[in-house]
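Enquirer:
In our numbering, the protein residues as written are 7 to 313.
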């Protein structure tokens with residue numbers, strides 16, 4: 007009887023699009039995926055796979071631009087995060103639908119963190135989108151998600167690569183993806199493109215979002231906020247976002263190392279993603295390609311374990 011294979015997809019913000027490439031590699035190699043679990047962005051990809059909506063997610067993320075990302079944000083009157091839940095949840099419902107977790111073709115569980123107790127929460131039932139929304143709630147970026155009397159935040163805070171969860175689901179072979187293995191490596195210094203101008207093929211709606219955003223931030227004396235939020239440049243003095251992003255990297259790296267030491271997977275995929283910043287969700291193509299490349303190398307070893 008074939009051994010049951012589970013995937014544990016880890017946290018890592020924009021680097022998480024590489025999980026799509028990981029799954030593509032497994033599918034091309036005809037490796038069955040019997041269980042899917044994830045933390046943070048890993049929960050989004052694992053949930054999409056479990057629901058049978060990975061293709062729409064793939065198409066959607068490859069089209070993401072800075073203007074789309076800005077469309078999710080409220081930088082003028084933030085409450086407990088820059089990205090409110092309703093907008094992102096609405097987009098996800100359009101892209102991957104919203105079935106009940108207990109009805110999914112592939113068993114799926116998302117990891118979140120109870121903000122009050124700091125305890126790990128496994129979301130096994132109910133709305134798929136609500137589970138994903140809770141798991142991706144990176145503090146300071148996404149607002150916490152209210153569920154069953156709890157305020158839930160990013161699952162990566164307590165279990166960045168949920169190998170233990172995957173085994174608890176019944177997986178005999180766990181394929182885990184660590185997006186944080188090289189995040190403390192110094193990234194390349196990059197320049198981010200200026201906002202799009204008329205006449206370059208950008209839709210009027212997108213242009214309007216840029217104009218509205220820049221106009222409002224200028225009125226409040228925050229014209230530099232956009233670049234401070236999104237452009238990670240290690241050779242300058244750290245901005246508020248630099249401090250926050252680097253602190254998240256340090257935390258993720260340390261917690262991931264400890265959790266993997268305590269509960270190592272059978273196969274560990276480690277895409278090289280240090281050059282992709284925390285919020286660079288517009289670089290999906292690069293991340294997906296790297297995820298597939300890293301997984302292709304591990305396929306022979308995985309086949310040996312399955313024999």
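Note that CB positions come from ideal geometry on N, CA and C, so glycine has one too.
1. Which of the three DSSP states, helix, strand or coil, is assigned to residue 286?
2. Rounded to whole angstroms, what's the CA-CA distance from residue 142 to residue 106? Just pull it up for me.
3. For the alpha helix (DSSP H) containing residue 134, name the first residue and the last one.
4. Does the stretch 61-79 come close enough to the stretch 166-176 that 3 or more CB-CB pairs lie under 8 angstroms?
5. So what's residue 126 in DSSP terms, helix, strand or just coil?
6. Going by other Cβ atoms of all chains shown within 10 Å of its Cβ, with 16 needed for buried, is residue 179 buried or exposed?
7. Within its chain, find whatever has a CB closer than 6 angstroms to the CB of residue 197; leave out the 5 residues flanking it on each side and keep chain order.
8. Please tell me whether residue 161 and residue 46 are closer than 9 angstroms, where the distance is taken between their beta carbons.
9. Any chance you could list the beta strand (DSSP E) runs of at least 3 consecutive residues sitting entirely within the stretch 252-288, in chain order?
10. Can you tell me whether DSSP reads residue 177 as helix, strand or coil?
11. Tell me whether residue 304 sits in a helix, a strand or coil according to DSSP, three-state version.
12. Taking residue 63 as part of the alpha helix (DSSP H), name the residues at either end of that continuous run.
13. Once you ignore the five residues that flank residue 70 on each side, which residues in its own chain have a CB closer than 7 angstroms to its CB?
14. Once the 5 residues before and after residue 244 are set aside, which same chain residues still bring their CB inside 8 angstroms of it?
15. Assuming residue 24 and residue 48 form a contact by the criterion Cβ under 8 angstroms, report the distance between their Cβ atoms to the nearest whole angstrom.
16. Where residue 50 and residue 313 are concerned, what is the direct C-alpha to C-alpha distance, given to the nearest angstrom?
17. With distances taken between CB atoms, is the gap from residue 151 to residue 144 smaller than 9 angstroms?
18. Any heavy atom of the ligand GTP within a distance shorter than 8 angstroms of the CB on residue 171?
19. Buried or exposed: where does residue 28 fall if 16 or more other Cβ atoms within 10 Å of its Cβ makes it buried?
20. Tell me which residue opens and which closes the beta strand (DSSP E) that residue 121 is part of.
21. Once DSSP output is grouped into helix, strand and coil, what is the label at residue 40?
22. On a Cα-Cα basis, can you pick out the residue from 35, 31 and 53 that is closest to residue 133?
23. Please classify residue 112: does DSSP put it in a helix, a strand, or coil?
24. What does the alpha-carbon distance come out to for the pair residue 302 and residue 293?
25. Helix, strand or coil, according to DSSP, for residue 297 in the structure here?
26. Taking the alpha-carbon positions, what's the residue 128 to residue 72 distance?
27. Taking C-beta to C-beta, are residue 270 and residue 296 nearer than 9 angstroms?
28. Can you tell which of 262, 183 and 62 has the C-alpha that lies nearest to the C-alpha of residue 300?
29. CB-CB under 6 angstroms to residue 308, same chain, minus the five flanking residues each way: which ones, in chain order?
30. Span of the beta strand (DSSP E) holding residue 13?
Expert: Result, derived from the coordinates:
1. coil
2. 18 angstroms
3. 134-141
4. no
5. strand
6. buried
7. Summary for residue 197: the model assigns pLDDT 41, below 50, so the residue's position carries little reliability, and this model does not support an answer.
8. yes
9. 273-275
10. coil
11. helix
12. 60-68
13. 287, 288 and 290
14. 252
15. In fact, because the Cβ distance is near 10 angstroms, the residues do not count as touching under 8 angstroms.
16. 30 angstroms
17. no
18. The ligand GTP is absent from the structure shown, which contains no ligand whatsoever.
19. buried
20. Neither: residue 121 is in no beta strand (DSSP E) and is coded neither H nor E.
21. coil
22. 53
23. coil
24. 14 angstroms
25. helix
26. 32 angstroms
27. no
28. 183
29. 273
30. 11-15
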